[in-house]
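Taking it in order: structure first as structure tokens, then the write-up.
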Amino acid sequence: MTELRQKGFAAHLCLGLLFSVALGSANAADEVDADGFTRPMRNLEFNPGLDQREFERATLDALNVDDPWERWNRRVYHFNYRADEWVLLPVVRGYQYVTPRFVRTGVGNFFDNLGDVPNLLNSALQLKGKRSLQTTGRLLLNTTIGVVGLWDPATRVGLPRQPEDFGQTLGFYGVPEGPYLMLPLLGPSNLRDTGGLAVDFIAQDQINFLGASQLGTDHPELTALRLVDARYGTNFRYGQLNSPFEYEKIRYVYTEARKLQIAD
Amino acid sequence: MRLLLCLLAPLCLLGSATLHAATQPPEPYEFPLLNPFEATIATTPLELRPQLPEDDEIDQRDYRVRLRPEREFLIPDNFWAVNRMGYRLARQKDEAPLIFIIAGTGAHYSASHSEYLKRLFYGAGFHVVQLSSPTSYDFMAAASRHATPGLSREDADDLYRAMQAIRANHPELEISEYHLTGYSLGALHAAFVSQLDQTRRSFDFKRVLMLNPPVNLHTSISNLDRLVQARVDGVNNSTNFYELVLGKLTRYFRQHGFIDLNDAVLFDFQQSRQALSDEQMAMLIGASFRFSAADIAFTSDLINKRGLITPPGYPIRESTVLTPFFKRALQCDFECYMNEQLVPLWQVRHEGGGLEQLIEEISLYAVEDYLRDNDKVVVMHNADDLILGPGDLGFLRRTLGDRLILYPSGGHCGNLNYKVNSQAMLELFRD
């Protein structure tokens, strides 16, 4: 009840704020041009000399990523681009063509559920109590009520997926990222995260949750399906940033995104 | 990976004032984001967007056509991916009208506004073709004759040839009639393309919808160039602007409990203590346009072998490190590109005169009579659009009369995906 009231209070506060903003702009309306133009840049504070070099400084800093194997990495980037265009994306299109959407969602959920095992391990390794409990809850709920993970009731009851990998665990304990590394087919990474990837892979193989890794060995088509599902579930397309400097941009964003994930 | 893109999007990449609009929106306009910077970055809150078909439900594919065969030999191996022009076609099962969508400054055909418009028009029963902007890297490399975008008439000519090639590429497609739309710079291109169509008559567009066009190109590029001069708090010797923004994001997600970067989170972020100030948002928008300017300057220089950024003949292979050229290109904003590459070309090829004459020729002024006399052209704009200057809306009103639909808020293209706007757009295409 108190929570509700607090929410009500917050809503009032928001309304009040909105109202004052509206009033503010009503006052500003006096300064609207005769043709209706409101001069949105008028209230911006500018650097008086207009000689600020912050964009240049920040961007030059951002290009400073440890990348000793850059020439190799760039070749792999082009290899991945081609593999994507000529093999992976056509396969994904075929997959979309032959399966109805609910099947694809089920497949995605199933593999996500398997992936919750390393998520749980890594949350626990980072001593994140709440997250470990939530992921445990997800595993229990999705494996039982969600029928071996084909359905994802956990997200609906407010237990969203919280990915944690061994690269993040290493980062959490202060292991530096090491040189940037473009992995064939898998995309951007660095030395630390590549190690993490291997550990997660081995762990999953050893735990053999739901017998999936055993099944995967007996039926390689399951592994293939997993790869197709992974590509289907990834929105990224090479060339999408549409810049001659896409390599640099991906490198920067990958590096920063990982820092963000580790800090969280 | 989705996270990566979301992060990049702002990089790469937005009460109501009294309205004097020629055509006023019928009911009080309730677009919630009154701050033009916020509207430009975040666009419409999810619950106020229209219901549209999902990607999965759309029969669509990306294609490439070879428009300039010589480019394959002229541009370095590194750019193998852009020696043919890419576009996206979404097709209906039966005969249907077709609409071309032209993307904004530097944007790819799959940019988010273009994708949104595709879903909107596809849902309304159109075949849809999405085109990259003539200022985008891929279009410049594959489809542009001079690879020096900015001369609107030339750019429109390139676009027109591209559209004809696309139609020829799909002879089986049953098309009842043609329409045209574009947003931001793409809207200006739409006007020039439509005018060209008056004489070439390949499409005979039935309706041309211009969304948030620049009026005076020089005003627009000076506004955008100036955004990175906004005085941002919190930047000092140890923290640069990106670190500042990322630091805010990190703290926000710590409070939030977990990372979940989506459109809804953007709003929540702006409500939190970490919210960005107007100046910081201006800087972010400005930075994203500077990246476009850098790409344009680099690509145009490279293809034309001008030697301003890349030494002509410099061997560029797939493994070549391009970062030094990126660093050089970053120094060049739109004004610099105009002065160093566009104006010289124009003076030589078109016997052009001074800057003023150029502005006159490439801005909407050049198609004023056409816009006035053709009822099929409609403009939608916002009173608080960042790319406009004083007098621009007056020009549009004088020229278009009640074919200008002006909204009081929305910033630059921030309200395109507001359901009131989408409704109004579709309404225009109904007979």
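Residue numbers (numbering that gives the first Met the number 0), protein chains in the order written: chain A, 0 to 263; chain B, 0 to 430.
Ideal Cβ placement from N, Cα and C applies to all residues, glycine included.
6 Å Cβ shell around residue i - same chain, five flanking residues per side excluded
i	result
A27(A)	Confidence in A27(A) is poor, its pLDDT being 46 and thus under 50, which makes the residue's placement unreliable; the coordinate value appears in the next sentence. Once the five neighbours on either side are set aside, A27(A) has no close Cβ partner at all.
A142(B)	L66, M84, D157 and A161
P49(B)	K418 and S421
Q273(B)	K247, R250 and Y251
I315(B)	P75 and N77
N381(B)	Y406 and G409
G105(A)	L149
A20(B)	Interpretation of A20(B) is limited by its pLDDT of 44, a score under 50 that renders its predicted location unreliable; no figure is taken from the coordinates.
Cβ separation of residue i and residue j, assumed to be a contact under 8 Å, to the nearest whole Å
i	j	result
L140(A)	P159(A)	12 Å between Cβ atoms; not a contact.
D60(A)	N338(B)	Between N338(B) and D60(A) the Cβ distance is about 27 Å, and since that is not below 8 Å, they are no contact.
T142(A)	N112(A)	6 Å
T134(B)	L341(B)	Wrong, their Cβ atoms sit about 11 Å apart, outside the cutoff.
S408(B)	F30(B)	5 Å
G177(A)	L190(A)	3 Å
V227(B)	G185(B)	So it is not a contact: roughly 23 Å between Cβ atoms.
T225(B)	F45(A)	The sequence shown places Arg at residue 225(B), rather than the Thr named in the question. About 7 Å; that satisfies the 8 Å criterion.
R206(B)	K375(B)	5 Å
L245(B)	E55(A)	Contact flag wrong, Cβ pair sits at about 18 Å.
E53(A)	V234(B)	6 Å
R396(B)	L387(B)	Contact flag wrong, Cβ pair sits at about 12 Å.
A89(B)	D58(B)	6 Å
Other residues of its chain near residue i: CB distance less than 7 Å, five sequence neighbours each side excluded
i	result
P9(B)	Low confidence applies to P9(B): its pLDDT is 39, below 50, so where it sits in the model is not reliable enough to give any reading.
A292(B)	C331, D332, F333 and Y336
V90(A)	V227
L130(B)	Y86, F99, I100, I101, A102, Y108, L158 and A161
V366(B)	A190, F191 and Q194
V102(A)	none
G124(B)	Q91 and A95
K361(B)	With the sequence shown as reference, residue 361(B) is identified as Ile, and Lys is not the correct amino acid for it. Here the set comprises G149, L150, S151 and L216.
L7(B)	At L7(B), the pLDDT of 40 sits below 50, so the modelled position is not reliable and the matter cannot be decided from this model.
A211(A)	L113
Residue i, buried or exposed, once every other Cβ within 10 Å from all chains shown has been counted against 16
i	result
W85(A)	exposed
Q205(A)	exposed
H349(B)	exposed
G352(B)	exposed
S24(A)	Its pLDDT being 43, under 50, S24(A) is placed unreliably in this model, and the value from its coordinates should be taken loosely. That one is buried.
N82(B)	buried
D54(B)	exposed
V20(A)	In this predicted model, V20(A) has a pLDDT of only 39, less than 50, meaning its place in the structure is not dependable enough to derive any value.
T42(B)	buried
H218(A)	exposed
L49(A)	exposed
T216(A)	exposed
L45(B)	exposed
P35(B)	buried
K92(B)	exposed
K304(B)	exposed
S201(B)	exposed
S122(A)	buried
W71(A)	exposed
E426(B)	exposed
D83(A)	buried
V116(A)	buried
P109(A)	In the sequence as displayed, the identity of residue 109(A) is Phe instead of Pro. The residue is buried, with at least 16 neighbouring Cβ atoms inside 10 Å.
T307(B)	Looking at the sequence shown, residue 307(B) is not Thr but Leu. Classification for L307(B): buried.
F394(B)	buried
Proximity test, residue i beta-carbon vs the ligand GDP heavy atom, cut-off 7 Å
i	result
G122(B)	The model depicted lacks the ligand GDP and carries no ligand whatsoever.
Own chain residues within Cβ distance below 8 Å of residue i, not counting five before or after
i	result
P243(A)	none
L62(A)	E247 and Y251
V147(A)	F109, N112 and L209
V284(A)	What is shown of chain A runs 0 to 263, which leaves residue 284(A) out entirely.
A296(B)	L307, I308, A328, C331, C335, Y336, E339 and Q340
Cutoff 8 Å: residue i Cβ touching any chain C Cβ
i	result
S242(A)	Absent here is chain C; the protein component of the structure consists of chains A and B.
Problem set entry | Runs of beta strand (DSSP E) wholly within the region 25 to 71 of chain B (minimum 3 residues, chain order) | 59 to 64
Problem set entry | Meets three-Cβ-pair contact criterion under 8 Å: the region 90 to 107 of chain B and the region 65 to 82 of chain B | no
For this session: Could I get the ranges of all uninterrupted beta strand (DSSP E) runs contained in the region 171 to 223 of chain B, with 3 residues as the minimum, in chain order?
Result: 174 to 182 and 206 to 210
Problem set entry | Runs of alpha helix (DSSP H) wholly within the region 227 to 295 of chain B (minimum 4 residues, chain order) | 240 to 255 and 262 to 270
Problem set entry | Cβ pair count under 8 Å reaching 3, the region 83 to 100 of chain B against the region 169 to 185 of chain B | yes
Problem set entry | Inside the region 23 to 63 of chain A only - beta strand (DSSP E) runs reaching at least 3 residues | none
Exercise. What are the uninterrupted segments assigned as beta strand (DSSP E) that are 3 or more residues long and contained completely in the region 306 to 340 of chain B, given in chain order?
Worked result: none
For this session: Tell me, please, whether the region 208 to 227 of chain B touches the region 412 to 426 of chain B by the rule of three or more beta-carbon pairs shorter than 8 Å.
Result: yes
For this session: Just list the beta strand (DSSP E) runs in the region 69 to 98 of chain B, keeping only unbroken ones of 3 residues or longer that don't cross its boundaries, in chain order.
Result: 84 to 89
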